[in-house]
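Notes follow the structure.
2 protein chains.
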Amino acid sequence: MTDTDTDLPETPFLEVSDVVERAVDAAPRWRTLEPAMRAEMLRAVADRLEGADDELVALAITETHLTETRLRGELVRTTFQLRFLAGVIEEGDFLQACIDTPDESWPPGARPDLRRVLRPLGPVAVFAASNFPFAFSVAGGDSASALAAGCPVIMKVHPGHRQLSARCGEIVCEALRDAGAPEGTFAVVEGDKAGRALVTHPDISAVAFTGSAKVGRMLFDIAVGRLKPIPFYGELGSVNPVFVTMRAAAARLDEILSGYVASFSLGAGQFCTQPGILLLPAGILDRDRIRTMVASQPSAQLLNDRIDGAYQESLEALRHRPTVEVVAEGSRQPDGARTPTLLRTTVEGLVADAEHLLAECFGPVSLIAEYDEETQLIEVAEILEGQLTATVHGEIDDVVVPGLLDTLAEKAGRIIWNGWPTSLAVTWAIQHGGPYPATTSPLHTSVGAAAVGRFLRPVTYQGVPDHLLPAALREENPLHLPRRVDGRYRSGSPPV
Amino acid sequence: MTDTDTDLPETPFLEVSDVVERAVDAAPRWRTLEPAMRAEMLRAVADRLEGADDELVALAITETHLTETRLRGELVRTTFQLRFLAGVIEEGDFLQACIDTPDESWPPGARPDLRRVLRPLGPVAVFAASNFPFAFSVAGGDSASALAAGCPVIMKVHPGHRQLSARCGEIVCEALRDAGAPEGTFAVVEGDKAGRALVTHPDISAVAFTGSAKVGRMLFDIAVGRLKPIPFYGELGSVNPVFVTMRAAAARLDEILSGYVASFSLGAGQFCTQPGILLLPAGILDRDRIRTMVASQPSAQLLNDRIDGAYQESLEALRHRPTVEVVAEGSRQPDGARTPTLLRTTVEGLVADAEHLLAECFGPVSLIAEYDEETQLIEVAEILEGQLTATVHGEIDDVVVPGLLDTLAEKAGRIIWNGWPTSLAVTWAIQHGGPYPATTSPLHTSVGAAAVGRFLRPVTYQGVPDHLLPAALREENPLHLPRRVDGRYRSGSPPV
């Protein structure tokens, strides 16, 4: 979403080394805590953040220009996420414990006693996002899921909200320490050099990143180019296309367009799930009507001057592409607040200039592409790059819909029907990810229960005596984990 | 394990393109088959291979020098693996189906209907191994798990068993076609250039590889350096250290050493799980006794002349390292058959020369490192690189054992107690993988039920009407899948 500056404070290299060393020391103690104890500590972090909500929201307002309502909502989401992941690790299925008892008849030779469980990778580096100062930053989803998995976290904060990050870092560290977590379980560092030092550090075992495709790809290349490559979970960007069928447009054009305008303008368009493209039947767009809708959106300052400048530049480039027409002209007010811009092209224009028109533009702008035939919806779906989301507004018996949904499922991590991508619930079944360049790791999600799995790797114990096994695999199942035994799932409920 | 020659037949580039195009065409039809139907087709492949067992084993003998017993066992393992994975996908948990019903009270806003399921990645390129002409080749574990997942497979065969690979390829294609699989679901190609063309092809969505660290790393670098990086599952190599405690050695030295000699000599030492290092208390090795044990092992030709030559070179280098002593001298007989070589050093020697002495040497050689104090076992464990396996021979109340097992679990994918790593069962709980350089992807396994997960990515459907959902997510659960509903696991058993 945005690059970071290079003239900002940097955590000195020696301090980064110290921080990693403390994380290495903390790792065995943090990972061997029973999940229920780590869960309690995550809840303690949530409680402390909640207790400091007024202070934190006030700091966040000064640094990000986001509204109080938005920031309070984001903080609720952040503390909920910590508690939700606490519940996920208490439930225990995240460890995927699995036991095969010995079987002499197993082909081609006998099967020994085999017990498999997931184990934390080790210290994880997390890069915070500019646009979610709480939910994708210091105590956000990547930190929460790595800590829940049993990995110490070193957070490279975002320069767009330094004060807030420092304060959140203090709160997280204090909460963990007071709850009994080992020293070194969590730390923050600042600056691009410190960030790169983390990615190259031999004791960092994985990286989670939310940010621009440019910076994300650069760090990914470093992570996979190491002597010992490590997993790099980058959430890079997405245009989140929305497809409106002819009959849906005929049935409820006004409702769809007002939802669209609200969604792409929300938070000054600074969501990774912002709908950047809307595919609409040709000839039905009432320009006056949609200008009114756009004009009714609140103006808002972008996160900071750098992002505002980058937006200005991208917007200028986009609006001057050959087939692009400006439908609603956004403005920049004296205080820096911007009103949204709405652009228009045709599907032919979109396809011919896909490299520029299907690229993410971070800020309050979106593009309507008009189509003549519904088959063009499939054509556009087929040329899409990987997306976090794809949305269809349709009628349930639209002929184009089944094929469209299937094509979109090839391209996106989340498929939304008659809704908008800018809401993202933290749940068991959510997926926030997608094929490259939406993320660098299509198998994973950065939000929801499954996010924990990014920081765990399997280890199988063969013939190991019961008392030498990790608790998760002992015969008596002292952690009450759900386990697969001889291929059958068994609930972990304690005997009553 | 071994590089491939460059003066061997090559599938022409245009033909590789055609093969990928056919796989792309097959992909939507193969992935939308119900898992139970794909399972039947995997079983049909197993049946056909089994029906041709005499022919295939005879071909394999001429090309690999492996014994008939070994090859028949490997073919049994291969057909069992196909049937086992058929059962895994029929059971259905591999799809990780998960449903969250709408919840207005979900913080920070309402939760919509969210349904998550795993979806096949698309066409997969598989690179066959030299040393398992059946189980890690044409119809081996990587192919079987990618096909089971719902991905078409293009197999780059190993030049060490071309005829066998061609014949197995025909059998797999025929079996799939006769069972009703779409044309293009499976194909074989030959040659390094064809292999590289697959890794760089924009329509290949993942690569599975078993082979040398050198070739594996080169292909990994290509896969992650693509404009659109793809997952690369490389199983590269391992020295599979074995640690013998003082009391275990005192209690049953002879039994341990004879097991060791059998394990490192098995199949002329050409297993990725061959124990390359044995840590033994100093001063107890009876050289005459162990020479007799080594001499009693059958001589065997290595897989082919190239591998024999590479072994000769590595062996020469290894035996002339400063601290290394030859305990049992192997020989090369006129027919090319080799007898095993056993080397010896001290732990000090091992640690000082770790780069050379802790490197995989592919062939019938292993190294005993003698230690004075059991704490040295932990020291060695700590300097290990990522391993497929690590083994401990101990007594259950040995003081060193808990710490040793925990350190080894940081380094290896499978921990074996009082056994040998060269047996590897295909089961639910098996893990065949490990941190780099054992593999390029520590989160995954190339053997067992979980191997299927390498080729699937999650997609969440938000608010999508029931009849437009994939069958796995429909309300009535027509596939009888186990599913997590509102956070709780529910078995997929049909109502009785």
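Which chain is which? The protein sequence lines are D and U, in order. Here my numbering is used: the first residue of the first sequence is 1, the next is one more, and so on. Here my numbering is used: the first residue of the second sequence is 1001, the next is one more, and so on. We treat Cβ as the ideally placed atom computed from N, Cα and C, and that holds for glycine. Since the structure is predicted, the reported quantities are computational estimates derived from the model, not experimental observations.
Short CB-CB distance (under 9 Å) between residue i and chain D
i, result
"U:GLY1487", "yes"
"U:ASP1003", "The pLDDT assigned to U:ASP1003 is 42, lower than 50, so where the model puts this residue is not dependable, and the model offers no usable value."
"U:TYR1260", "no"
"U:SER1441", "yes"
"U:SER1423", "yes"
"U:PRO1437", "yes"
"U:PHE1080", "yes"
"U:ASP1025", "no"
"U:GLU1410", "yes"
"U:ASN1418", "yes"
"U:PHE1220", "yes"
"U:CYS1098", "yes"
Distance CB(residue i)-CB(residue j) smaller than 9 Å
i, j, result
"U:ALA1369", "U:SER1238", "no"
"D:VAL244", "D:ILE290", "no"
"U:GLU1040", "U:ALA1086", "yes"
"U:ALA1023", "U:GLY1184", "yes"
"D:VAL189", "D:VAL16", "yes"
"D:CYS168", "D:ARG31", "no"
"U:ILE1416", "U:THR1391", "yes"
"D:SER446", "D:ALA148", "no"
"U:THR1440", "U:THR1273", "no"
"U:SER1263", "U:SER1299", "no"
"D:ALA194", "D:CYS173", "no"
"U:GLN1387", "U:GLY1434", "yes"
Strand pairing of residue i, partner residues [DSSP]
i, result
"U:ARG1289", "DSSP output for U:ARG1289 lists no bridge partner at all."
"U:VAL1347", "According to DSSP, which records beta bridges pairwise, U:VAL1347 is partnered with nothing at all."
"U:THR1439", "U:GLU1235"
"D:LEU456", "D:PRO120"
"U:ALA1223", "U:ALA1223 pairs with nothing; no bridge assigned."
"D:GLN387", "D:ALA412"
"U:ALA1248", "DSSP output for U:ALA1248 lists no bridge partner at all."
"D:CYS98", "D:ARG116, D:ARG484"
"U:LEU1342", "U:ALA1328, U:SER1366"
"U:HIS1393", "U:VAL1244"
Cutoff 9 Å: residue i Cβ touching any chain U Cβ
i, result
"D:TYR461", "yes"
"D:VAL76", "yes"
"D:ASP192", "no"
"D:GLU475", "no"
"D:SER491", "yes"
"D:GLU325", "no"
"D:SER17", "no"
"D:THR341", "no"
"D:GLN431", "yes"
"D:PRO123", "no"
"D:HIS467", "yes"
"D:GLY216", "no"
"D:LEU114", "yes"
Supposed close pair residue i, residue j - CB separation, criterion 8 Å
i, j, result
"D:THR210", "D:PHE127", "7 Å"
"D:VAL327", "D:LEU318", "Going by Cβ atoms, the distance from D:VAL327 to D:LEU318 rounds to 13 Å, so no, they are not a contact pair."
"U:ARG1454", "U:PRO1120", "The Cβ separation is near 11 Å, so there is no contact."
"D:ILE171", "D:ARG48", "5 Å"
"D:LEU468", "U:VAL1401", "6 Å"
"U:LEU1279", "U:VAL1242", "7 Å"
"U:ARG1457", "D:LEU443", "5 Å"
"D:LEU507", "D:PHE134", "Examination of residue 507 of chain D is not possible in this model, given that chain D is present from 1 through 496 alone."
- [ ] Please confirm if the segment 52–72 of chain D is in contact with the segment 35–44 of chain D, defined as three or more CB-CB distances below 8 Å between the two stretches.
- [x] no
TODO: Check whether the segment 1391–1398 of chain U touches the segment 1294–1304 of chain U, counting contact only when three or more Cβ pairs, one atom from each stretch, lie closer than 8 Å.
DONE: no
Task: Contact between the segment 1373–1390 of chain U and the segment 1400–1407 of chain U (3+ Cβ pairs under 8 Å) - done: yes
Open item on the list: Taking contact to mean 3 or more Cβ pairs, one atom from each stretch, closer than 8 Å, check whether the segment 462–473 of chain D and the segment 1104–1111 of chain U are in contact.
Closed with: no
Task: the segment 201–208 of chain D in contact with the segment 1193–1209 of chain U per 3-pair CB rule at 8 Å - done: no
Task: Contact between the segment 1005–1019 of chain U and the segment 1154–1165 of chain U (3+ Cβ pairs under 8 Å) - done: yes
Open item on the list: Tell me whether the segment 440–454 of chain D and the segment 1137–1152 of chain U touch, counting them as touching only if at least three CB pairs, one residue from each stretch, are closer than 8 Å.
Closed with: no
Open item on the list: If contact is defined by three or more beta carbon pairs under 8 Å, each pair taking one atom from either stretch, is the segment 1306–1319 of chain U in contact with the segment 1359–1374 of chain U?
Closed with: yes
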